[in-house]
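This report concerns only the one structure given below.
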Ligand code: PRP
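In my numbering, the protein residues as written are 33 to 252.
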């Protein structure tokens, strides 16, 4: 049997996803070893293979078809804009993409002058300001700790993920506008969905049922 291959965004998302998959009988004991540095895991019995990839590379592995299925955040999907099918919202990893800054910057978002926007997500930031708001911006790509930019004067505002809001609060920043809600998604390679239709369909049906089951338990 051909391996059905998963590319998982390594870290919290991969752990949470494997815990969910375990409920539908998809297991990989090897991956549970906290000391392992391995990036490829297999379950020979079930014909499954798992890659642990950097989140922004997951859509690439899936688009090229070396992974049939990917688990990754909607933020990464919007930023990478790859050709693949987004088939299921897993609901977890829920947070928001927001325009944030000091309260004083709120006015700058209403005027039609060029502002500086720092972000780890230059595509999302550009799309939001140019297409949705019709405002000219200069995008400054950063790779992390983006909240620093408006505080030290590198940018007027940032476009970044807000989860609990504590990073913003602790740096004297606030949400100025919401760009979109985010959460973990399952994506599928376009050819795989046809060639492995039965296995992938069965997997998605099982995952959706497990999610519903979790939801029901939570509301009880
Ligand atoms: C993310 C994000 C925010 C923060 C939001 O950064 O870019 O900085 O988490 O979370 P909060 O609202 O719960 O405070 P991450 O921790 O991934 O680090 P990075 O900024 O270095 O990328």
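Don't be surprised by glycine CBs; every beta carbon is placed ideally from N, CA and C. Every value quoted in this text rests on a predicted model; they were computed, and no experiment measured them.
Is the Cβ of residue i closer than 7 Å to any Cβ of chain C?
i, result
"residue 90", "The chain labelled as chain C is not found in the depicted structure, where only one protein chain is given."
Is it true that the CB of residue j sits closer than 7 Å to the CB of residue i?
i, j, result
"residue 137", "residue 172", "no"
"residue 81", "residue 74", "yes"
"residue 79", "residue 90", "no"
"residue 49", "residue 123", "no"
"residue 119", "residue 218", "yes"
"residue 132", "residue 236", "no"
"residue 158", "residue 210", "no"
"residue 40", "residue 84", "yes"
"residue 147", "residue 188", "yes"
"residue 37", "residue 100", "yes"
"residue 194", "residue 207", "yes"
"residue 45", "residue 125", "yes"
Identify every residue that forms a DSSP beta bridge with residue i.
i, result
"residue 121", "217"
"residue 46", "DSSP, once it has assigned bridges, lists no residue as partnering residue 46."
"residue 243", "DSSP output for residue 243 lists no bridge partner at all."
"residue 37", "81"
"residue 127", "214"
"residue 60", "None; residue 60 has no bridge partner."
For this session: Just jot down, in chain order, the residues whose CB lies closer than 5 Å to any heavy atom of the ligand PRP.
Result: If you measure from each CB to the nearest heavy atom of the ligand PRP, the residues under 5 Å come out as 176, 177, 192, 193, 194, 195, 196, 197, 198, 199.
Exercise. Which runs of the alpha helix (DSSP H) spanning at least 4 residues fall entirely within the region 136 to 193, listed in chain order?
Worked result: 154 to 158, 180 to 184
Problem set entry | Within the region 191 to 241, ranges of the beta strand (DSSP E) (whole runs, at least 3 residues) | 206 to 214, 216 to 220
For this session: Could you pull out every unbroken alpha helix (DSSP H) segment of at least 4 residues lying fully inside the region 62 to 113, listed in chain order?
Result: 90 to 95, 106 to 112
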